[in-house]
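Numbering (the working numbering), first residue to last: 5 to 407. We treat Cβ as the ideally placed atom computed from N, Cα and C, and that holds for glycine.
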């Protein structure tokens, strides 16, 4: 009898499975001349008896077996490249024999099977010299329709999305977006300009009133059409530039999360997407610095604009505007630290000349957010920061789009 966790995926003889017993391994070995094993074989993360991959290989005479450990706490595109290399080793393009992908629960196996499905589609399109037949969103729908359990794990989901863009949407299909990081010295605020190099649609994230003329000049120099001025939250240290931008740039709309309680042309909800040309940002609620904070995740998970929720080696204060250290800790760990390790972090501020970081760096080195929740709350409670200098002027104006 086949193991209950064994399931076919797709049309190319790929199957996925969870943990297997010795008897199940012996039964399956003749059926699957190619076998990819994903457990790390540390602690409880094993998908075979005796806690190791050799048990999977035992009795697998004449077959190919490859072990690529997939740690769901440390996922990136380097891992994706290793897995695609393993796939080519196990099943060269001219060979199509049954492949078994196994791990402890089948979640990682399902994620990897979905990536291989996309990779096969890409190869077929290249061989036939036809346009790409699948978009990342279409592959994701295939996986969800198949009931893959990887979508129950936010970190695996983010990595799958990033990997699908990596596989299917290379530079030949979609070049990197126009990107500029701009600085306002008085409040140490970063403003970000993102644009589509083909359609010329663009947006600004966290513009400042004092630098609107600079931003407009740059937009004009690059030949862009700025369609949105987007805020990560209702700022207390500077006046947003969205009100002035609406006056200076025809058709530009101001954008902020509905939870911020401020006026804007567009009020965003969790999970909503805002587009500029062929690209989009996903809205993620990351309350804690204020209760209306959001972060904007690039569609391919290559960048995240974190506002004051996550700074380079720090985070925003939590002692005003309905802030909550408990909420901020949960937001960062459940909404941002699930992103791939090589996802670049672009904050709204830095006070020491640092321009960006990565999710992996912050998970490893952030002096506040590497602590336990209780320690983090204590740290934030005892910061004893001065009253924000511009809050009495900035906050009322920002509640009405900087007017």
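- The Cβ atoms of residue 353 and residue 294 lie no closer than 7 Å to each other.
- Taking the Cβ atoms as the reference, residue 284 lies roughly 5 Å from residue 303, within the contact range of under 8 Å.
- For residue 173, there is no enclosing beta strand (DSSP E), as DSSP marks it with neither H nor E.
- Inter-segment contact for the region 249-269 and the region 384-397 is absent: fewer than three beta-carbon pairs are separated by less than 8 Å.
- Leaving aside the five residues that flank residue 171 on each side, the residues in its chain whose CB is nearer than 8 Å to its CB run, in chain order, 84, 88, 119, 122, 123, 126.
- With a cutoff of 7 Å on beta-carbon distance, residue 176 and residue 212 are scored as not near each other.
- One thing to note: residue 114 has its Cβ within 7 Å of the Cβ of residue 20.
- Residue environment analysis places residue 235 among the buried positions, since at least 16 neighbouring C-beta atoms fall within 10 angstroms of its C-beta.
- With 16 or more neighbouring CB atoms inside 10 Å of its own CB, residue 11 falls in the buried class.
- Boundaries of the alpha helix (DSSP H) harbouring residue 32: 26-32, taken from the DSSP string.
- Residue pairing for residue 39: DSSP places it in a beta bridge opposite 69, 104.
- CA-CA distance, residue 351 to residue 81, rounds to 22 Å.
- The Cβ atoms of residue 322 and residue 292 sit closer than 7 Å to each other.
- With contact defined as three or more Cβ pairs closer than 8 Å, the region 363-383 and the region 220-229 are not in contact.
- Bridge pairing for residue 188: 193 [DSSP].
- Proximity of the region 310-319 to the region 261-274 falls short of the contact definition, fewer than three beta-carbon pairs being nearer than 8 Å.
- Between residue 42 and residue 74, the gap from beta carbon to beta carbon is short of 7 Å.
- Distance between residue 111 and residue 72, taken at the CA atoms: about 15 Å.
- Relative to the Cα of residue 105, the nearest Cα in the group 335, 148, 35 belongs to 35.
- When secondary structure is reduced to three states using DSSP, residue 167 falls in the helix class.
- Counting the other Cβ atoms within 10 Å of the Cβ of residue 362 gives 16 or more, which makes it buried.
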